[in-house]
Amino acid sequence: MAYWLFKSEPGKWSWNQQKAKGEAGQEWDGVRNYQARNFMRAMKTGERGFFYHSNEGKAVVGVVEVAAEAHPDSTAPGTAWECVDLMAVADMPSPVTLETIKAEPALKDMVLVSNSRLSVQPVGEAEFRRICEMGGLDPASVMV
DNA sequence: GCCAACGTTGGC
DNA sequence: GCCAACGTTGGC
């Protein structure tokens, strides 16, 4: 079971909007980066990831679940671009900021730190657990 | 608002 | 197939 991280600018699509979708799920559309697309192709239904607010907030604010595996992105012409569907699973009781992630030695190898531009990225199991702990969320309640 | 890092495009 | 120019992302 793999873990992931999804970035969104809250001005475009926020955690509150994602939560409002409930279990209906939300197409994670608009991704036009091959690396990010390839990660989405590798995702399996039921896998978990973090929802990260970029630009404003710059923090992990919640946990999402892959509700549907990769399918053509309906906002793209043709079928070259794909996306998964995501649904909100849990709030991060206290958002874990980029600043605190950078200050934590155990998280220094995160893609979030080394390649700040990749909008969909894998997260190690130990990293996922650590961030849950830092955010006041019981890892066992969200890790599969 | 600036700019560094990165990815993509297009001329050669 | 190289690489310069350009556009975009996202931290600061």
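Numbering of the first sequence is given in the UniProt record's numbering, commencing with residue 1 and proceeding in unit increments.
Virtual Cβ for every residue (Gly too), placed ideally from N, Cα, C.
This one's a predicted model, so the numbers in the text were calculated from it and none came from an experiment.
Residue of the options minimising C-alpha distance to residue i
i	options	result
C132	K19, Q18, R48	R48
M87	M1, G25, K7, F6	G25
E69	K58, E56, Q35, M43	M43
Contacts around residue i, its chain only, beta-carbon distance under 8 Å, and the 5 residues preceding and following it disregarded
i	result
E104	R130, M134
S74	E27, D29
V64	F6, Q18, R48, G49, F50, F51, L86, M87, A88, V89
Where the beta strand (DSSP E) through residue i begins and ends
i	result
S119	Note, S119: premise wrong, no beta strand (DSSP E); not H, not E.
K69	This sequence places Glu at residue 69; Lys is not what is there. Segment 59-72, the beta strand (DSSP E) holding E69.
residue 167	Residue 167 is absent from the structure shown; the chain starts at 1 and stops at 144.
R37	No beta strand (DSSP E) contains R37, which is instead part of the alpha helix (DSSP H) from 34-42.
S8	3-8
G49	48-53
For residue i, the first and last residue of its enclosing alpha helix (DSSP H)
i	result
W15	15-21
M134	125-134
Neighbourhood of residue i by C-beta, 6 Å cutoff - its chain only, sequence neighbours within 5 removed
i	result
V66	M43, T45, E47, V84
Beta-carbon separation (whole angstroms), residue i vs residue j, contact threshold 8 Å
i	j	result
P95	V61	5 Å
P122	Y34	About 15 Å; that fails the 8 Å criterion.
Margin query: Using a Cβ distance threshold of 8 Å, determine whether the segment 48-61 contacts the segment 97-113, with at least three qualifying pairs required.
Written below: yes
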